[in-house]
Structures are given as C-alpha cells and as structure tokens.
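Q: Below is one structure. I have some questions about it.
2 protein chains.
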Amino acid sequence: MTATPTTLSPNGIPSNPPTTAPHWPRGFSSGGIAAGIKKPGVNDLALLFGSGEFGNGEFGNGELSAAAVFTRNLIVAAPIQVSRANLAVSSARIRALIINSGCANAATGEEGLARSRRTIESLAATLGIPSQSVLVNSTGVIGVQLPIARIEKALPALKASLQPGSCETFARSIMTTDTRPKWASRIIRWMEGTTERTCTVTGVAKGAGMIHPNMATMISVIVTDATLTPSELDGHLRSAVEKSFHRISVDGDTSTNDSVFALSSNCAGIVPPNQLALAFEAVAQELALMVVRDGEGFERGLEVRVHGGRTQSDALQVARTVAMSLLVRTAVTGGDPNWGRILAAAGRAGVELNPSTLRVSAGGIALFAAGEPTNADPVAVRRAFTADTVRIELDLAMGVASDVFWSCGLTKRYVEINADYTT
Amino acid sequence: MTATPTTLSPNGIPSNPPTTAPHWPRGFSSGGIAAGIKKPGVNDLALLFGSGEFGNGEFGNGELSAAAVFTRNLIVAAPIQVSRANLAVSSARIRALIINSGCANAATGEEGLARSRRTIESLAATLGIPSQSVLVNSTGVIGVQLPIARIEKALPALKASLQPGSCETFARSIMTTDTRPKWASRIIRWMEGTTERTCTVTGVAKGAGMIHPNMATMISVIVTDATLTPSELDGHLRSAVEKSFHRISVDGDTSTNDSVFALSSNCAGIVPPNQLALAFEAVAQELALMVVRDGEGFERGLEVRVHGGRTQSDALQVARTVAMSLLVRTAVTGGDPNWGRILAAAGRAGVELNPSTLRVSAGGIALFAAGEPTNADPVAVRRAFTADTVRIELDLAMGVASDVFWSCGLTKRYVEINADYTT
Numbered sequence: 004m005t006a007t008p009t010t011l012s013p014n015g016i017p018s019n020p021p022t023t024a025p026h027w028p029r030g031f032s033s034g035g036i037a038a039g040i041k042k043p044g045v046n047d048l049a050l051l052f053g054s055g056e057f058g059n060g061e062f063g064n065g066e067l068s069a070a071a072v073f074t075r076n077l078i079v080a081a082p083i084q085v086s087r088a089n090l091a092v093s094s095a096r097i098r099a100l101i102i103n104s105g106c107a108n109a110a111t112g113e114e115g116l117a118r119s120r121r122t123i124e125s126l127a128a129t130l131g132i133p134s135q136s137v138l139v140n141s142t143g144v145i146g147v148q149l150p151i152a153r154i155e156k157a158l159p160a161l162k163a164s165l166q167p168g169s170c171e172t173f174a175r176s177i178m179t180t181d182t183r184p185k186w187a188s189r190i191i192r193w194m195e196g197t198t199e200r201t202c203t204v205t206g207v208a209k210g211a212g213m214i215h216p217n218m219a220t221m222i223s224v225i226v227t228d229a230t231l232t233p234s235e236l237d238g239h240l241r242s243a244v245e246k247s248f249h250r251i252s253v254d255g256d257t258s259t260n261d262s263v264f265a266l267s268s269n270c271a272g273i274v275p276p277n278q279l280a281l282a283f284e285a286v287a288q289e290l291a292l293m294v295v296r297d298g299e300g301f302e303r304g305l306e307v308r309v310h311g312g313r314t315q316s317d318a319l320q321v322a323r324t325v326a327m328s329l330l331v332r333t334a335v336t337g338g339d340p341n342w343g344r345i346l347a348a349a350g351r352a353g354v355e356l357n358p359s360t361l362r363v364s365a366g367g368i369a370l371f372a373a374g375e376p377t378n379a380d381p382v383a384v385r386r387a388f389t390a391d392t393v394r395i396e397l398d399l400a401m402g403v404a405s406d407v408f409w410s411c412g413l414t415k416r417y418v419e420i421n422a423d424y425t426t
Numbered sequence: 004m005t006a007t008p009t010t011l012s013p014n015g016i017p018s019n020p021p022t023t024a025p026h027w028p029r030g031f032s033s034g035g036i037a038a039g040i041k042k043p044g045v046n047d048l049a050l051l052f053g054s055g056e057f058g059n060g061e062f063g064n065g066e067l068s069a070a071a072v073f074t075r076n077l078i079v080a081a082p083i084q085v086s087r088a089n090l091a092v093s094s095a096r097i098r099a100l101i102i103n104s105g106c107a108n109a110a111t112g113e114e115g116l117a118r119s120r121r122t123i124e125s126l127a128a129t130l131g132i133p134s135q136s137v138l139v140n141s142t143g144v145i146g147v148q149l150p151i152a153r154i155e156k157a158l159p160a161l162k163a164s165l166q167p168g169s170c171e172t173f174a175r176s177i178m179t180t181d182t183r184p185k186w187a188s189r190i191i192r193w194m195e196g197t198t199e200r201t202c203t204v205t206g207v208a209k210g211a212g213m214i215h216p217n218m219a220t221m222i223s224v225i226v227t228d229a230t231l232t233p234s235e236l237d238g239h240l241r242s243a244v245e246k247s248f249h250r251i252s253v254d255g256d257t258s259t260n261d262s263v264f265a266l267s268s269n270c271a272g273i274v275p276p277n278q279l280a281l282a283f284e285a286v287a288q289e290l291a292l293m294v295v296r297d298g299e300g301f302e303r304g305l306e307v308r309v310h311g312g313r314t315q316s317d318a319l320q321v322a323r324t325v326a327m328s329l330l331v332r333t334a335v336t337g338g339d340p341n342w343g344r345i346l347a348a349a350g351r352a353g354v355e356l357n358p359s360t361l362r363v364s365a366g367g368i369a370l371f372a373a374g375e376p377t378n379a380d381p382v383a384v385r386r387a388f389t390a391d392t393v394r395i396e397l398d399l400a401m402g403v404a405s406d407v408f409w410s411c412g413l414t415k416r417y418v419e420i421n422a423d424y425t426t
C-alpha cells in the first residue's frame, strides 16, 4: 500500500485540495460513521487506529507514537483535558484517536469531563485496548453535553468501519461547516544501499467555520509511518505547526478545542530527518492554507511576507499585524491598492521601524520607498490587488530576519454568516 | 460669556451629541473657512486662538498652556512632528492651533515636513505671533502633498473668521467622513468665599472615518479656561485620554495623525483639581463614544466591563480582547446572545483565568457561571443583545481590578464602505 502523492505547485501550495484523497501511511486504519450527533445520516464520528499491519507481511503491535499541539486558549474543552492527561499517562504511546463532530463538549463542567472519559473508556473496551491509549477530541456546538449514549451505541459500527487506505471517510466525518474535506500528503523516497525506501506523511484537517452552532474548531491530524520516538515526532510537529497553523488567521479567535495531532506507526524505519521535516512542513502548510481558503465568506487570499527584520519576532509581529488589520483586509476584498493602510498597520505593530528606509510592495511592485509613494503603474498595481492571493512584501531594512503570515480579505459574507446566525 | 452645559444622562454618556453647540471657554476665539483643500465651498481649515479676552473686561496676553497626546503609530505624519517640536521649543506655551481637513500630509517625506513648517510660519506672520507658538495638524488623504498655496491664500480670511463663542464652525471644519460634528462640554461651579466661580471644559472631535480618501484620523481638542501650568494640563489630559480615547476601538487601527490636544487660557483661576479631572474625563469620554457611534457602518454599541482582575492590566487586556473580537462583534450586530464567543475571546486574552469561577453576564443577566451555562430567560437575554448598546460584564474573580472598553458591532456596511472605496 502506498499513498497517492499530490502534485507540488511551484511554492508547494496548491490553491485547492487534490480531488482524490491520499492514503494513510502503513500501519493505520480508519473509519467514520453517522452516530446521530449531527442530523441523521451525516457522518459525525471518526476513528484512527494503529492496526499493526506493516503492509509487507510483517505485523507490529499497533502502538503509535503520539504528539499534539493544543489550543492556547485558557478555556479548554473537556476532551482536550482528557487527551492531555492520557498523553502523559501513556508516555505518548497510544493506539487510537476518536473525534466526533456536532458537539464540542466545551464549557460543560465536570459532567463534560466525565463524558469525555467515558468515550475513551467505552472505545477502549470495544477495541480491547487500555483506555490510557486513546486520545479524543470533539468539535461543534459548545455549552451542550455530549450525547454519550448515542456515541456508545455507535462504537461497534465504528470499529467495523475500520479499514486501511484512503483518508477520505475520516476527513469527511470530522467536518462541521467546511465546504470540502481537506487533505494533503507527501511521499519521501531515499536509498538504503541499493534499496529504495519510502515513507508517507498524510494529514487531514477541518477548519475554521466558527459559526455553527456556537463555535467550531480547527482540528488537524498528521500521521506518518516513519519510525520516531514521541519526542522526535513532537519536534517535527511543533516545527511544522509554527510555520503553518501558527501563521494563519481568519478571524483572530482561537477556539476551546483547536488541536493538531501527530501519530507515527514506526514501520518505515529511520527516515532522513531533513526530508521528514520538509514533508511535515509542506503537509501542514498546505492544510493550513486550505483552512484559510475555506474560511467563512472567503473571497481572496492575503499573504504578507516581511524581510529585513531586526529579530524573528519583529518580522512576525509586523507580518501578523498587517495580515490581521481590518482596513488592510477590507482593501484586499475590494481589490484596492491602499498602501496607506499597510503602512499604518506596520507602524502600530509595536516594532521599531524607520519610515525612510521601509519598502512596501505588492505582487513584486514597489508601492512605497524612501518615505514616499513610488510612481508605480496603476494598472499593474491594480492587477496585484485583484489576484487570487494578494502578496504583500515589507522590507524593514533593519536586519536579516524574515517571516510570513496568511490571512484573507474580510468580506460582507463573513459578517453575514457570523451575524445572522442565531444561537 | 458662559458655555452651554449638556444634560448628563445617568452614566454621563448621552447617545447622541447635543444639537446646540457649546461655547468655548473664556479666552478663546475660533474660526473656520473653505480653503479649497476639499471640494469647493466645504469648510476645511480651522483655527483656535488665544484671544486674551477674559470676558469680564480684563485682558491677558492670549498665551495658552498646551499639552498633546499623539498617535502611538511609528509612521507619524509631518504636522505631528512639527507640533511636537514646537511644544518643546515653546515650553508648551502657545497661541494658536490650526487644523486642515482634506489632506493628512502623511507619508510625504521631507517636502511634507517643509509644507507643515510653512503653514505655521505663514499663520504666525498673519496673526503677528512667533511661529513657535503655533501647533498644526492635518487630516484626510495620505501620500499627497499639502496644497500649501491654497492654505496661505486663505489665511487672511481664516483670521477674519475668528470669533469667541460657539465651537460649531471649528468642529465642522475639521470633519472628514463624520456624519455629524462632535462636541461636549461641562461647567464647573464652586464657591470662593461668597462668590460663585465657574470654569468650562469644552471639547470637539472628528472621528473614525478611515475611508476617505486613504485614511482619516481621530483628532480631538479639549480646552478650558482653568488656570493650569502645561504640566498640570498634561496630567489632566493624559488621565482623561486613558479613560476614553484609549478605551475605544472601531477597527483596531491607529492612524498616522491621531492626536488629542488640550489648551488652557488660564483666566478662570485655580479650579478644584478633582472637579476639573472629572470634567476632563466626562468630556473626553463623551467625545470618544461619539467617535465610536459615528464609526463607519455603526449599528449597535458594545461595552465590555471587566471586574475581579488580578491587575489593572489584566482587566484591560480581557476587556479589550472581548470588545475587539470579530466573532463577538458580529454576534453583537446580529443581536445573538453567543456567550461562547465571549468566553473564547476571554480565554485567549493572555491573562490567567479560572474557568470555574469566571462569570459572564450581559445587560445584568448571568450567562455563564461555575464552569457551565446558566439557565437564563432567553427572552431577557435576547433583549440584552438587541439593546442600543450591548453591555457585557465579566467577573474574573481573581482580584479587585476593573476596566472598561467600548467598541461596536462589526457590520456588512463597515466592510462595504472600506472594501468598495477605490483609491
């Protein structure tokens, strides 16, 4: 079994997800069913399981190395608390990850915690594994108790749905207001003596629909068959998340359930670490941009690259402030080359700037330099601001640090979706 | 000459500005004319002048104590740089403040600085005062040079327009996209022996229209006839600004020209400092809320009060984060009692929180307490979220610090105004 590779665009980031779902790496099987948490017949329960099948006739014990980056929000949903505890108790060696959509089990007090614990205990009993080897997350309405009876009733069918191969059912079962499932995959090939070895990194995500019912969640799961200790896996995950999910914003809010999980089945052997790091980063970045592009009311992308920062944190701070400025984001929606707003956002980023050396450009065309507007060709400038993604660059000319942040135009449809929804 | 007091609403903050403009305090005259910076016939040049007339037959030298709070943006417009220098050179003893609308003179390089300097030199010559005793600001399009010839040609007419009394012409001449002029006033009365003394604090503001042409500016001028050293005046101004203009947000962006000036004519004698502080705070707060309520696409106000903060900075940080959250602001527009979004915004404020003791209420009705949603009456809750101003309170139960932040619902009209404008 090998994964279906996606075609790389020049910057590694396709605008739309590949239409054919890639395969999970070796050692994983997954399933998804409709448990009646959402409306009848819609998949709302997903399971990823360490199958122990190496795909080459060999079998392992199905143990998975695990790592996770959880929401920075201090209001943390019950399943996150339960998963965090299990990661510690199991020394990050787990067997299964269960995710339900339709109910976030957040702001549900002690009863919510009890129901998340019962989810993992019942699943563990169904699968015949220790309950400490199960991770759990939930996404959907907050402030409503998890329908635990429906979940428990559905667990045998969930187990029966497990199979290796395509990640499609899993990706679809964790969707909330997403308009399309999100997946990405990379295959790494290298030679060991005269033998070609391969390893796969495949990820799925559900994104940034924060509307229905009260708030949803960003959840991503990135898995590989590379052989990694939990600590090595954690390093790859954190490095990739820092360059992807921590560099995007749709509305500046983080949810109570946001999480990115990483799992490795350890059946592909030791993979060249640099190649693995690049694959993790590419998969995470592709998923993160899919989340932005499927954000509520999305019309046009915004990429802000900052060069010449005195420090990394300066460069990030300017990139983030410009990318999140409401005035810049409305200008992007309008296709309006309003460099004054970019300048003003950079100026309030809390970073030392020298307006007389600062350069601002869009789509490669200089707009502001040497303290004054340039005389850029208005037609070319307009073209840069009506592109599918507006690419803004700022050169701070203060040092050599650079960073990038992705966002999107703020649209009337975004306001409509979020204002017209009634609890 | 006495000022027209405004009627105080219970919290000191009327929803709309009084229809009759108050008077400037004694010792000031003002004027405003159309100089052709904006379209013909529209006032765009305003002058406030220390007349030296005490209004009781006595005359002073017209010298004014001055103070100013300027934009925190590092991209600072030319007039701000020139005014900052003059405040230093004159030891904050000035005679005149000139403000033009229609052109911000920002991002205009050395030539822009030269034109702001020429504005104050020409005005000084026209009025027969030292150029170091003039302050200047500009508001309007950025990246365009100031039409200095038109301004110079208009200065004799501007001088001729000077008169004591109503602040209306001045307030109207500094407007950009404001739909109405903004003013506020308080009269302080106290007894000295058997004599009743009075002092007036009157302010005007222009607000948060950031649309036309590239970006506008928040400018406010608050003046009094109280006798104050520049340093005492500065103290009153900073304290008032901290509780008003630094507690509001329409779109999170600060402009290159934002400024609040304070001037005192020193002809009312020493005023009880507590009363003066309260009057400054009330005037500044009233003006700041008028700016929010005249913000682009305004439909419904949002007030976020935080109690029980461990520190003042914690309380402010939570109030600001909730008040500026796009998801909370769209819920306010939709009249949607979406306490989950309030909770999530508080949770990402970067402040230590205990979800099990945190209380959230709206319009006095508890929505979330003891880690769980309350069973509040849905009709009453809906009423709180469809009020003219949605009043959210959070009790962090971590200490005794409190703070407040004002914003407004994010509307489709806001996006439309800012997206559909073409540079």
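As you go down the protein sequences, you meet chains R and E in turn. In this text, residue positions in the first sequence follow my numbering: the first is 4, and each later residue adds one. In this text, residue positions in the second sequence follow my numbering: the first is 4, and each later residue adds one. Glycine is no exception: its CB is placed at the ideal position from the N, C-alpha and C atoms.
1) Per DSSP, which residues does GLU284/E bridge with? Please list them.
2) For ASN421/E versus ALA347/R, is the C-beta distance shorter than 8 Å?
3) So if DSSP puts GLY304/R in a beta bridge, which residue, or which two residues, is it bridged to?
4) How would you list, in chain order, the residues of chain E whose beta-carbon sits under 7 Å from the beta-carbon of LYS415/R?
5) Chain E partners of LEU346/R, CB-CB under 7 Å?
6) Are the C-beta atoms of THR389/R and some chain E residue less than 8 Å apart?
7) Closer than 8 Å, CB to CB, is PHE62/R near chain E or not?
8) Quick one: is PHE173/E buried, meaning 16 or more other Cβ sit within 10 Å of its Cβ, or exposed?
9) Distance cutoff 8 Å, beta carbons only. Does PRO82/E sit that close to anything in chain R?
10) Can you pull the chain R neighbours of ASP254/E, defined as C-beta to C-beta under 7 Å?
11) For GLU396/R and chain E, any beta-carbon pair shorter than 8 Å?
12) With burial defined as no fewer than 16 other Cβ atoms inside 10 Å of the residue's Cβ, what is the status of PRO340/R: buried or exposed?
13) Going along chain R, which residues have a C-beta under 9 Å from GLY146/E?
14) Which partner residues does SER223/E have in the DSSP bridge list?
15) Can you check whether the C-beta of THR257/R is within less than 8 Å of a C-beta belonging to chain E?
16) When burial is assigned at 16 or more other CB atoms within 10 Å of the CB, is GLY304/E buried or exposed?
17) Run through DSSP, which three-state label would GLN84/E get?
18) Name the DSSP bridge partner or partners of HIS310/R?
19) Should THR205/R be flagged as near chain E, meaning a C-beta pair shorter than 8 Å?
20) Find out if the Cβ-Cβ distance for the pair SER410/E, ALA326/E is shorter than 8 Å.
21) Skipping 5 residues on each side, what residues in its chain have a beta carbon closer than 6 Å to that of ALA160/R?
22) Between which two residues does the beta strand (DSSP E) harbouring TRP27/R extend?
23) State the Cα-Cα distance for the pair ARG394/R and GLY367/R, rounded to the nearest angstrom.
24) So, does the CB of LEU356/E fall closer than 8 Å to a CB anywhere in chain R?
25) Looking at chain E, is there any beta carbon in it that lies within less than 8 Å of the beta carbon of ARG75/R?
26) Is there contact between the segment 79 to 89 of chain E and the segment 109 to 119 of chain E, where contact requires at least three CB pairs shorter than 8 Å?
27) Starting from GLY53/R, follow its DSSP beta bridges and name the residues at the other end.
28) Report yes or no: do the segment 241 to 248 of chain R and the segment 312 to 330 of chain R share at least 3 C-beta pairs separated by less than 8 Å?
29) With a threshold of 8 Å between beta carbons, is ALA422/E in contact with chain R?
30) Using CA atoms only, rank isn't needed, just tell me which of THR232/R, GLY34/R, ILE151/R is closest to GLU114/R.
31) Note down the Cα distance separating PRO275/E from VAL294/E, rounded to an integer number of angstroms.
32) Check whether the Cβ atoms of SER136/R and SER93/R sit closer than 8 Å, and answer yes or no.
33) So which residues of chain B does THR360/E contact, with C-beta pairs closer than 8 Å?
34) Show which residues of chain R have a CB atom less than 8 Å away from the CB atom of THR392/E.
35) Tell me the DSSP secondary structure of ALA71/R in three-state form.
36) Can you list, in chain order, the residues of its chain with a C-beta nearer than 6 Å to that of GLY34/E? Leave out the 5 residues immediately preceding and following it.
A: Put simply:
1) Translated into positions along the second sequence, residue 284/E becomes position 281. Partner(s): none; GLU284/E has no beta bridge.
2) On the second sequence, residue 421/E is found 418 positions in, with the first residue counted as 1. On the first sequence, residue 347/R is found 344 positions in, with the first residue counted as 1. Going by C-beta atoms, ASN421/E is not nearer than 8 Å to ALA347/R.
3) For the purposes of this step, residue 304/R is taken as residue 301 along the first sequence, with counting starting at 1. DSSP, once it has assigned bridges, lists THR392/R, CYS411/R as partnering GLY304/R.
4) One-based indexing of the first sequence puts residue 415/R at position 412. Residues of chain E passing the Cβ test: LYS415, VAL418, GLU419.
5) Translated into the one-based positions of the first sequence, residue 346/R becomes position 343. ILE78, ALA110, listed in chain order.
6) For this step, residue 389/R is matched to residue 386 along the first sequence. Taking Cβ atoms only, chain E never reaches closer than 8 Å to THR389/R, which makes this a no.
7) For this step, residue 62/R is matched to residue 59 along the first sequence. Chain E, which has no Cβ nearer than 8 Å to the Cβ of PHE62/R, makes this no.
8) Here residue 173/E corresponds to residue number 170 of the second sequence, with the count starting at 1. Looking at its Cβ environment, which holds 16 or more other Cβ atoms inside 10 Å, PHE173/E is buried.
9) Your numbering for residue 82/E matches position 79 in the second sequence. Output row for PRO82/E: interface = no.
10) Here residue 254/E refers to the residue found at position 251 when the second sequence is read from its first residue. Within 7 Å Cβ-Cβ: LEU329, LEU330.
11) Translated into the one-based positions of the first sequence, residue 396/R becomes position 393. So no, GLU396/R is outside the interface.
12) Against the first sequence, residue 340/R aligns to sequence position 337. Per the 10 Å Cβ criterion, buried.
13) Numbered from its first residue, the second sequence carries residue 146/E at position 143. Correct list: TRP342, GLY343, LEU346, PHE371, GLU375, PRO376.
14) Within the second sequence, the letter at position 220 stands for residue 223/E. Note: SER223/E sits in a beta bridge opposite ALA208/E, VAL263/E.
15) Position 254 of the first sequence holds residue 257/R. Taking Cβ atoms only, chain E reaches closer than 8 Å to THR257/R, which makes this a yes.
16) Counting from one through the second sequence, the residue named residue 304/E turns up at place 301. Under this definition GLY304/E is a buried residue.
17) Here residue 84/E refers to the residue found at position 81 when the second sequence is read from its first residue. Helix.
18) Reading the first sequence from its first residue, position 307 is the one you call residue 310/R. Paired residues: ASP398/R.
19) Numbered from 1 along the first sequence, position 202 holds the residue referred to as residue 205/R. Cβ-Cβ to chain E under 8 Å: no for THR205/R.
20) By 1-based counting over the second sequence, the position of residue 410/E is 407. By 1-based counting over the second sequence, the position of residue 326/E is 323. Contact: yes.
21) Position 157 of the first sequence, counted from the first residue, corresponds to residue 160/R. Same-chain partners within the cutoff: ILE36.
22) Translated into positions along the first sequence, residue 27/R becomes position 24. Looking at the DSSP string, TRP27/R is not in any beta strand (DSSP E), and its letter there is neither H nor E.
23) In the first sequence, the residue the question calls residue 394/R occupies position 391. In the first sequence, the residue the question calls residue 367/R occupies position 364. So the alpha carbons of these two residues sit roughly 8 Å apart.
24) The count along the second sequence starts at 1 and reaches residue 356/E at position 353. At least one chain R Cβ lies under 8 Å of LEU356/E.
25) Here residue 75/R is taken as the residue at index 72 of the first sequence, counted from 1. For ARG75/R, the answer is yes, since a Cβ of chain E falls inside 8 Å of its Cβ.
26) yes
27) Position 50 of the first sequence, counted from the first residue, corresponds to residue 53/R. GLY53/R pairs with PHE31/R.
28) no
29) As a position in the second sequence, residue 422/E is number 419, starting the count at 1. True, the Cβ-Cβ gap to chain R drops below 8 Å.
30) Reading the first sequence from its first residue, position 111 is the one you call residue 114/R. Of the listed residues, the one whose Cα sits closest to GLU114/R is ILE151/R.
31) In the second sequence, counting from the first residue as 1, residue 275/E sits at position 272. In the second sequence, counting from the first residue as 1, residue 294/E sits at position 291. Cα-Cα distance, rounded: 29 Å.
32) On the first sequence, residue 136/R is found 133 positions in, with the first residue counted as 1. On the first sequence, residue 93/R is found 90 positions in, with the first residue counted as 1. In contact: SER136/R and SER93/R (Cβ atoms closer than 8 Å).
33) Going by chain labels, chain B is absent from the structure shown, which instead holds the protein chains R and E.
34) As a working note, residue 392/E is residue 389 in the second sequence. Per Cβ cutoff of 8 Å: no residues; THR392/E is ~16 Å from chain R at best.
35) To locate residue 71/R, count along the first sequence from 1; it is residue 68. Residue state, collapsed to three classes: strand.
36) In the second sequence, residue 34/E corresponds to position 31, counting from 1. LEU50, LEU161, SER164, LEU165.
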